[in-house]
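Take a look at the structure below.
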Amino acid sequence: MDRALARRLDARFEGVLHGPAKQRHDQTEVRIGAGDVQQVLTALHDEPELNFTMLADLAGVDTGTEMQVVYHLWSSSTSDWLRVIVEGLSRDDPRIPSVTYLWPGAEWMERETYDMFGITFEGNRDLRRIYMPPDYTSFPLRKDFYLPDDAARSPGAGVRHVERTHSPVDAAPGVLRRTGA
Amino acid sequence: MATQTPPRPAKPAGAATPEGTHRSEDDPNVLLQDDYAFYEPIPPYPPRTEREAEFYTLGDGEMFLNMGPQHPSTHGVLRVVLKLDGERVVDIDPVLGYLHRGVEKLVENADYHQTISQVDPLEYISSLFCEWAPVTAYEKLLDVEVPRRAEYIRVLSGELNRIASHALFLGWFALDLGGLTPILWSFIERDEIVEMLAALTGQRMLFNYFRIGGVNGDLNHEFMSRLGDWMSRAVGQLEAGMGLLNENEIFVRRASGLGIVDSETALRFCMTGANLRATGVPFDVRRAHPYSIYPEIEFDIPTRTEGDSLARYLVRMEEVKQSLRIIDQCLEQMPDGPIMAKLPRLLRPRPGRAWAAVEGPRGMYGAYAISDGTDQPFRLKIHDPSFIHLQAVGALLPGNLLADTMAIMASLDPIMGGVDK
Numbered sequence: 096m097d098r099a100l101a102r103r104l105d106a107r108f109e110g111v112l113h114g115p116a117k118q119r120h121d122q123t124e125v126r127i128g129a130g131d132v133q134q135v136l137t138a139l140h141d142e143p144e145l146n147f148t149m150l151a152d153l154a155g156v157d158t159g160t161e162m163q164v165v166y167h168l169w170s171s172s173t174s175d176w177l178r179v180i181v182e183g184l185s186r187d188d189p190r191i192p193s194v195t196y197l198w199p200g201a202e203w204m205e206r207e208t209y210d211m212f213g214i215t216f217e218g219n220r221d222l223r224r225i226y227m228p229p230d231y232t233s234f235p236l237r238k239d240f241y242l243p244d245d246a247a248r249s250p251g252a253g254v255r256h257v258e259r260t261h262s263p264v265d266a267a268p269g270v271l272r273r274t275g276a
Numbered sequence: 351m352a353t354q355t356p357p358r359p360a361k362p363a364g365a366a367t368p369e370g371t372h373r374s375e376d377d378p379n380v381l382l383q384d385d386y387a388f389y390e391p392i393p394p395y396p397p398r399t400e401r402e403a404e405f406y407t408l409g410d411g412e413m414f415l416n417m418g419p420q421h422p423s424t425h426g427v428l429r430v431v432l433k434l435d436g437e438r439v440v441d442i443d444p445v446l447g448y449l450h451r452g453v454e455k456l457v458e459n460a461d462y463h464q465t466i467s468q469v470d471p472l473e474y475i476s477s478l479f480c481e482w483a484p485v486t487a488y489e490k491l492l493d494v495e496v497p498r499r500a501e502y503i504r505v506l507s508g509e510l511n512r513i514a515s516h517a518l519f520l521g522w523f524a525l526d527l528g529g530l531t532p533i534l535w536s537f538i539e540r541d542e543i544v545e546m547l548a549a550l551t552g553q554r555m556l557f558n559y560f561r562i563g564g565v566n567g568d569l570n571h572e573f574m575s576r577l578g579d580w581m582s583r584a585v586g587q588l589e590a591g592m593g594l595l596n597e598n599e600i601f602v603r604r605a606s607g608l609g610i611v612d613s614e615t616a617l618r619f620c621m622t623g624a625n626l627r628a629t630g631v632p633f634d635v636r637r638a639h640p641y642s643i644y645p646e647i648e649f650d651i652p653t654r655t656e657g658d659s660l661a662r663y664l665v666r667m668e669e670v671k672q673s674l675r676i677i678d679q680c681l682e683q684m685p686d687g688p689i690m691a692k693l694p695r696l697l698r699p700r701p702g703r704a705w706a707a708v709e710g711p712r713g714m715y716g717a718y719a720i721s722d723g724t725d726q727p728f729r730l731k732i733h734d735p736s737f738i739h740l741q742a743v744g745a746l747l748p749g750n751l752l753a754d755t756m757a758i759m760a761s762l763d764p765i766m767g768g769v770d771k
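These protein sequences, in sequence, are chains A and B. Going left to right, the first sequence walks through residues 96 to 276 as the numbering used here numbers them. Going left to right, the second sequence walks through residues 351 to 771 as the numbering used here numbers them.
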């Protein structure tokens, strides 16, 4: 855990971060809004005392109430992984600026996130579906996309209580519900 | 690469569409052209993005060529649309998804232990690393400390798996450059390792061996005797296999200067592993961000500065030697003790988020796990190096000859099971 990094981030991005940086194990976590993505990530990448040159991962998250995009960064200046959580994207029309101008390698990761969650990355020159067929209309990793063979709604439901934990309250049995495109 | 038109479904009655088009079965709002053959390079709909419009516009004297998805040298089921100017590749558009299983969704709908068998087939020739990343992430969520013996066994089996994977890389790479012998040689070594891992784990390929908090079984007699037997002649055997290529002038001249990438570009393309180290960046997760017992073990990080296919090949072969060193030290320092931490059967980590990365044979495997306090992961994102490296092919390829397409792709060593998840 690199306490100095948390202090540096809190000082450098004062007023931009949603709350102070959190730390656990070997990870430092900061939360920002969608409007500050370019400003924060460009600073993290370019400023020599931060020097986060490596984008380790880009992930989408559907919390059930909002969308998030999560970046994991690596720098030689710290022993921690840095996690930047962009929170508060609306589930109806999630939009976020692309980071392909910093890391062209983020292009496919953003395409994957778009394909799975429907998050639009503004500025990505090639935002098409990458895994699913081009005329597919749903976003499979959203929380309101249920698997058609979900064990929670199978005739065997109730046999193993552990499988019922995620079963939605209002789910009709055996119906695959899709979100709008 | 010949195309054949599958029988077209009859038009549904009452759905009027413009002449020469029919509605998509998946999305009735999309109109497809009737005379569209399934594997034609040009998609049957207008371009949706700027990049697609640019790619599917032919310049003077250019043509499209469709490679795959059943092409023998695409290392899995991958379709690549090539834009050619004579024999030169102008641009490529890889089409993915033929092996997509939706692992991340399946993992969300099963409990924590079941993740391990789901992520196994991702990179099916280095499965232990696919298990290692999510297992480590879950251990961080649970704040559990893994017994030292279990960590040593993980490193020991992981390094064996790395050698098996690099042995296959050697064979495939030579095969894609037109040499048939090395793959026969490398399969001897690979088979020996796979058999000894089968003695340890019970499976030849999809090991399902790591557990949250330890490993599934302790070292046994058959594994140890096979390992001792193999270690005594491994160096000689592997050197013979490498000598077949390293001292082959045709191979060296063919591979050097092919698909050059510099360190700045490699970092911007998020490349990791041997492909990044071949450009001169000494980034290895085992040293850059130590996990498990790697801080206690001595090994070097081989790097080269050329950044071409030959450098990537040589870095991997050096890594094999370092792996043998690590195995030696593991066997020497292997402590006694339990191989599993004490954990309840049904895991319910406190709500939280954890990221874990491990250094696999192809680069950095990562897992980002979110717990919501129930017995199923709320989200598991799997970061796969093959996916990233396949993307970089698009940057390395333009300007090279058509025959070099697969050679460059093989030198980056992507596995389609991992690319498509």
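The C-beta atom is built at its ideal place from N, Cα and C for all residues, glycine as well. None of the values given here were measured: they were computed from a predicted structure.
Verify the CB distance criterion: does residue 720 of chain B have a CB-CB separation below 8 Å to chain A? Answer yes: the Cβ-Cβ gap between residue 720 of chain B and chain A drops below 8 Å somewhere.
Tell me whether the region 672-684 of chain B and the region 592-601 of chain B touch, counting them as touching only if at least three CB pairs, one residue from each stretch, are closer than 8 Å. Under the 8 Å Cβ criterion, the region 672-684 of chain B does not count as touching the region 592-601 of chain B, having fewer than three qualifying pairs.
Positions along the region 143-159 of chain A whose CB lies within less than 7 Å of some CB in chain B: The residues in question are 148, 149, 150, 151, 152, 154, 156.
Just to confirm the assignment, what range does the alpha helix (DSSP H) spanning residue 216 of chain A have? Where residue 216 of chain A is concerned, there is no enclosing alpha helix (DSSP H), although the beta strand (DSSP E) around it starts and stops at 215-217.
Contact under 8 Å by Cβ, residue 442 of chain B with residue 457 of chain B: Contact flag unset, no.
Beta-carbon within less than 7 Å of residue 209 of chain A's beta-carbon, same chain only, minus the 5 sequence neighbours each way: which residues are those? Contacts found: 215, 216, 222.
Residue ranges of each beta strand (DSSP E) run of no fewer than 3 residues wholly in the region 399-480 of chain B, ordered along the chain? The region 399-480 of chain B contains these whole beta strand (DSSP E) runs: 412-417, 429-435, 438-445.
Residue span of the beta strand (DSSP E) that contains residue 707 of chain B, given as start and end: Segment 702-710, the beta strand (DSSP E) holding residue 707 of chain B.
For residue 253 of chain A and chain B, any beta-carbon pair shorter than 8 Å? Because the pLDDT of residue 253 of chain A is 42, which lies under 50, any placement of that residue in the model is unreliable, and the number read from its coordinates should be weighed accordingly. Interface criterion not met: the Cβ of residue 253 of chain A is under 8 Å from no Cβ in chain B.
Along chain B, which residues have their Cβ under 9 Å away from the Cβ of residue 236 of chain A? Near residue 236 of chain A (Cβ distances below 9 Å), the residues of chain B are 452, 454, 455, 458, 729.
Neighbour flag for residue 165 of chain A against chain B, beta carbons, 8 Å: Taking Cβ atoms only, chain B reaches closer than 8 Å to residue 165 of chain A, which makes this a yes.
Buried or exposed for residue 416 of chain B, going by 16 or more other Cβ atoms inside 10 Å? Here residue 416 of chain B is buried. Its C-beta has 16 or more other C-beta atoms within 10 Å.
Beta-carbon neighbours of residue 773 of chain B, restricted to chain A and to distances below 9 Å: Past the edges of chain B, shown from 351 to 771, lies residue 773 of chain B, and the structure says nothing about it.
Which full runs of the alpha helix (DSSP H) of 4+ residues lie inside the region 578-623 of chain B, going along the chain? You should have 599-605, 613-618.
Alpha carbon of residue 589 of chain B to alpha carbon of residue 543 of chain B, nearest angstrom: About 16 Å.
Which residues, in chain order, does the region 661-684 of chain B contribute to contact with chain A at a C-beta distance below 8 Å? Against chain A - using a Cβ distance shorter than 8 Å - the region 661-684 of chain B contributes no residues.
Measure the CB-CB distance between residue 177 of chain A and residue 170 of chain A and report whether it falls below 8 Å. In this structure, residue 177 of chain A lies near residue 170 of chain A, with their beta-carbon atoms less than 8 Å apart.
With respect to 7 Å, is the separation between the Cβ of residue 669 of chain B and the closest non-hydrogen atom of the ligand NAD below this value? As far as ligands go, the structure on display features none, and thus does not contain the ligand NAD.
Delimiting residues of the alpha helix (DSSP H) encompassing residue 671 of chain B: 659-683 is the extent of the alpha helix (DSSP H) around residue 671 of chain B.
Selected residue, minimal CA-CA separation from residue 554 of chain B, among B:520, B:581, B:477, B:493: The residue with the shortest Cα to Cα distance from residue 554 of chain B is B:477.
Relative to chain E, which residues along the region 747-762 of chain B have a C-beta separation below 9 Å, given in chain order? Protein chains in the displayed structure are A and B, and chain E is not among them.
Determine the burial state of residue 254 of chain A: buried for a count of at least 16 other Cβ atoms within 10 Å of its Cβ, exposed for fewer. Because the pLDDT of residue 254 of chain A is 41, which lies under 50, any placement of that residue in the model is unreliable, and the question is left without a value.
Given a cut-off of 8 Å on the beta-carbon distance, is the pair residue 576 of chain B and residue 614 of chain B in contact? The Cβ atoms of residue 576 of chain B and residue 614 of chain B do not sit closer than 8 Å to each other.
Counting only beta-carbon atoms, is residue 364 of chain B nearer than 8 Å to chain A? Confidence at residue 364 of chain B is low in this model, with a pLDDT of 49, below 50, so the placement of that residue is unreliable and no value is reported for it.
Contact belief for residue 164 of chain A with residue 191 of chain A at Cβ below 8 Å, rounded distance in angstroms: About 6 Å; that satisfies the 8 Å criterion.
Chain-ordered chain A contacts of residue 442 of chain B [CB-CB under 9 Å]: Correct list: empty, because the minimum Cβ distance to chain A is about 13 Å.
What does the alpha-carbon distance come out to for the pair residue 771 of chain B and residue 446 of chain B? Near 10 Å, if we compare the C-alpha coordinates of residue 446 of chain B and residue 771 of chain B.
So is residue 190 of chain A in contact with chain B if we call contact Cβ pairs under 8 Å? Interface residue (Cβ-Cβ distance to chain B less than 8 Å): residue 190 of chain A is not classified as such.
Limits of the unbroken alpha helix (DSSP H) element including residue 522 of chain B: Unbroken alpha helix (DSSP H) run through residue 522 of chain B: 498-526.
Could you name the residues that DSSP lists as bridge partners for residue 101 of chain A? Residue 101 of chain A pairs with nothing; no bridge assigned.
With C-beta atoms as the reference, is residue 619 of chain B less than 8 Å away from residue 741 of chain B? Annotated as proximal: residue 619 of chain B and residue 741 of chain B, with beta-carbon spacing under 8 Å.
Starting from residue 743 of chain B, trace the alpha helix (DSSP H) in both directions and tell me its first and last residue. Run containing residue 743 of chain B: 735-746, per the alpha helix (DSSP H) assignment.
With 16 other CB atoms within 10 Å as the buried threshold, where does residue 372 of chain B fall? Residue 372 of chain B is buried by the Cβ-count criterion.
Kindly list, in the order they appear in chain B, the residues whose Cβ is closer than 8 Å to that of residue 100 of chain A. Within 8 Å Cβ-Cβ: nothing; residue 100 of chain A doesn't reach chain B, min ~14 Å.
Residues of chain A with a CB under 8 Å from the CB of residue 610 of chain B: which are they? Annotation: residue 610 of chain B has no Cβ neighbours in chain A at a cutoff of 8 Å; minimum Cβ distance is about 17 Å.
Does the beta carbon of residue 398 of chain B come closer than 8 Å to any beta carbon on chain A? Interface residue, yes.
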